[in-house]
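Q: Counting in the numbering used here, the sequence shown runs from 398 upward without gaps. For every residue, glycine included, the Cβ atom is placed at its ideal position computed from N, Cα and C.
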Amino acid sequence: MTTVNKEPQIKDNNNNNNNNNENNNNNVTEKKPTNLIILGMAGSGKTTLLQRLRAHIYENKIPGYIINLDPAVANLPYTPNIDIRDTVNYKEVMKQYNLGPNGGIVTSLNLFSTKFDKVLEILERRANQLKYVILDTPGQIEVFTWSASGSIITELMASSGPTVLVYVIDTPRTIEPTTFMSNMLYACSIMYKSRLPMVIAFNKVDVTDHQFAEEWMTDFDSFQDALTADPTYMGSLTRSLSLVLEEFYSQLQSVGVSAVDGTGIDTFFEKVDLAVGDYYKYYKTDLEKMKSEQLRKQEEQQVKQFEKLKKDLEDSKGAKVVYDFKSDPNKDSTGSNKKNQVYRTLNDFDENSDDENDDDEDDYQDYENDEERELDQKEYNDLMNYMKNNKLSDK
Ligand SMILES: Nc1nc2c(ncn2[C@@H]2O[C@H](COP(=O)(O)OP(=O)(O)OP(=O)(O)O)[C@@H](O)[C@H]2O)c(=O)[nH]1
Ligand SMILES: [Mg+2]
């Protein structure tokens, strides 16, 4: 077990990497840095684009920070500030967990995400000095967009500051209307799932101009015309889908770029700024609402549990009460299925019972002595005080 770091440490390459961040204090910004998460189908040019963005910001003395989240990439054309490969050895993960390539990437990402709070700490420390934090993601897009660790990392970044998804499209491979639509539907599903603003980067415009894509996105009829000319045209389904996409197009920014020759990079950053505006205007409030709703539900559930516990204590008239925090709070404590009860008085137990179905007795504890009971009582009192102090109870 030498190469898979079971307790992964995050290496901040900035300390031994003489990049421009430390040299550009005149560019210090008061605002939080913008996080750019680069996504896209395999081979669309994510890594090359990131290299181009990196070159652009460093040339313009804009302080940036690069994070590589692709554990399987063999060679990177740049040195990232934080590299998942410094923390997790993808090949060893595959070997030791007996996994295939995709399973290996997912597991590596999972291991890394358990330490992502360290990454956030590093970023937090540097927040005032940075303008952009750019993250490269694994080639197989679904590994990031549909994995728990991908969601965790995206959510953590989004709650740490303005975050924009950059969806890279291989323009020469998207000239067929149906391929175009499939790609856009994928982008739409990512945006829908992440609830973050998105910039579509039509890459490789040095090979194929992206003008056709802009037209299809802004002029519904021109896309319909293109579809009619397509022999694989699927009639009303495609028409309905393109209507759905019209709404999606109105939400996003798009730009044609060439990661190879640098075309469109200035416009790219202008579009990113617009997306950041959207983040503050719409998405941030949405994210905050979602979080506070989750918090509210949690508190509501706590109150319900406390109320049940209180009632049970009162009903027990001094009999011992055990409160099982892990049980499902939605089940009725007086129901016949004892296993699902939140709590119950010990009077409910028949200690001599041989009932095979009643296999849950281990879930509950009896008091060995008064001291234990007092401890539980104290815990209950603390909870009641908590409720009272937080105006969760009228008593
Ligand atoms: N002509 C042209 N080729 C490009 C451009 N961007 C990337 N490529 C080429 O596309 C290929 C894939 O580029 P990568 O940057 O590795 O793409 P990626 O999305 O990171 O690939 P994975 O991480 O493996 O999914 C390489 O051969 C690049 O040289 C571009 O703007 N123009
Ligand atoms: Mg790549």
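If we count Cβ pairs, one from each stretch, closer than 8 Å, do we get three or more for the region 589 to 599 versus the region 700 to 711?
A: As far as the Cβ criterion goes, the region 589 to 599 does not touch the region 700 to 711, which means the pair count is below three.
Q: Quick one: grab the DSSP three-state call for T635.
A: Correct three-state label for T635: helix.
Q: Taking the Cβ atom as the reference point for each residue, do V470 and T444 lie within a distance shorter than 8 Å?
A: A contact, by the Cβ cut-off of 8 Å.
Q: Classify I463 as helix, strand or coil using the three-state DSSP reduction.
A: Note: I463 maps to strand in three-state DSSP.
Q: Should D483 be listed as close to ligand 1, given that the test is whether its C-beta is under 7 Å from any heavy atom?
A: Because no heavy atom of ligand 1 lies under 7 Å away, the Cβ of D483 does not count as near it: no.
Q: How many angstroms separate the CA atom of Q738 from the CA atom of T560?
A: Reliability fails at Q738, whose pLDDT of 28 lies under 50, so the model's placement of it is uncertain and the value that follows must be treated cautiously. Cα to Cα, Q738 sits roughly 43 Å from T560.
Q: Check this for me: beta carbons of D467 and I454, under 8 Å apart or not?
A: No, Cβ-Cβ distance for D467 and I454 is not below 8 Å.
Q: Whose C-alpha, out of D712, Q691 and S586, is nearest the C-alpha of T542?
A: The shortest C-alpha separation from T542 is found at S586.
Q: Is V503 near ligand 2, judged by its Cβ being under 7 Å from some heavy atom?
A: No - ligand 2 has no heavy atom lying nearer than 7 Å to the Cβ of V503.
Q: Compare the Cα-Cα distances from N486 to each of I459, I502 and S546 and report the closest residue.
A: Residue I502 is the option with its Cα nearest to N486.
Q: Helix, strand or coil, according to DSSP, for V669 in the structure here?
A: Looking at V669 - three-state DSSP - the assignment turns out to be helix.
Q: Taking C-beta to C-beta, are K601 and S655 nearer than 8 Å?
A: It is a contact, given that the beta carbons lie within the stated cut-off.
Q: Spatial neighbours of G661 within its chain, please: CB distance less than 6 Å, with the 5 preceding and 5 following residues excluded, ordered by chain position.
A: If we look at G661 and ignore the five residues flanking it on each side, its Cβ neighbours are V652, G653 and V654.
Q: Roughly how many angstroms lie between the CA atoms of M438 and L553, to the nearest whole one?
A: So the alpha carbons of these two residues sit roughly 23 Å apart.
Q: Give me the Cα-Cα distance between K428 and L517, rounded to the nearest whole angstrom.
A: Answer to the nearest angstrom: the Cα atoms are 16 Å apart.
Q: Report the rounded CA-to-CA distance for S510 versus G547, giving the unit in angstroms.
A: Cα-Cα distance, rounded: 8 Å.
Q: Quick one: what does DSSP say M438 is sitting in, helix, strand or coil?
A: In the structure shown, M438 sits in coil (DSSP, three-state: anything other than H, G, I, E or B).
Q: Under 8 Å, do A672 and V565 count as touching if we go by C-beta distance?
A: In this structure, V565 does not lie closer than 8 Å to A672 by Cβ.
Q: Since P574 contacts A623 with CB under 8 Å, what's their CB separation in whole angstroms?
A: Indeed they touch by this definition, with Cβ atoms about 5 Å apart.
Q: Got a sec? Which residues, its chain only, sit under 6 Å from E667 by beta carbon, not counting five neighbours each side?
A: Closer than 6 Å at Cβ, skipping near neighbours: no residue.
Q: Using the beta-carbon count (16 or more within 10 Å), is A610 buried or exposed?
A: It counts as buried.
Q: Among D675, G442 and D670, which one has its Cα closest to the Cα of G536?
A: Considering only alpha carbons, the answer is G442.
Q: Determine the direct distance from the alpha carbon of M581 to that of K735, and round the result to whole angstroms.
A: In this prediction, K735 scores a pLDDT of 38, lower than 50, which makes its location untrustworthy; the coordinate-derived value is nonetheless stated afterwards. In a straight line, the C-alpha of K735 is about 51 Å away from that of M581.
Q: Output the boundary residues of the beta strand (DSSP E) element that contains N600.
A: Counting along the chain, the beta strand (DSSP E) containing N600 begins and ends at M595 to N600.
Q: Name the residue from Q695, T664, L520 and F577 whose alpha carbon lies nearest to the alpha carbon of N432.
A: Checking every option, the nearest Cα to that of N432 belongs to L520.
Q: How many angstroms separate the CA atom of A555 from the CA atom of A598?
A: Each residue's alpha carbon lies about 20 Å from the other.
Q: Could you tell me which of D483, P474, Y529 and G558 sits nearest to P460, measuring between CA atoms?
A: Comparing Cα-Cα distances from P460 to each of D483, P474, Y529 and G558, the minimum goes to Y529.
Q: Going by Cα to Cα distance, which pick from F577, A452, V563 and E685 is closest to L638?
A: Of F577, A452, V563 and E685, the residue nearest in Cα terms is F577.
Q: Can you tell me where the beta strand (DSSP E) with T511 in it begins and where it stops?
A: Counting along the chain, T511 falls outside any beta strand (DSSP E), and DSSP gives it neither H nor E.
Q: Quick one: complete beta strand (DSSP E) runs, 3+ long, within the region 476 to 534?
A: Taking only runs of at least 3 residues, the beta strand (DSSP E) segments lying wholly in the region 476 to 534 are 529 to 533.
Q: Cβ of L600 versus every heavy atom of ligand 1: is any distance shorter than 7 Å?
A: Here residue 600 turns out to be Asn, not Leu, going by the sequence shown. Yes; taking the cut-off as 7 Å, the Cβ of N600 has a heavy atom of ligand 1 nearer than that.
Q: For D747, does the three-state DSSP call read helix, strand or coil?
A: Confidence is the limiting factor: at D747 the pLDDT is only 32, short of 50, which leaves the residue's position unreliable, though a coordinate-based value still follows. If DSSP states are grouped into helix, strand and coil, D747 belongs with coil.
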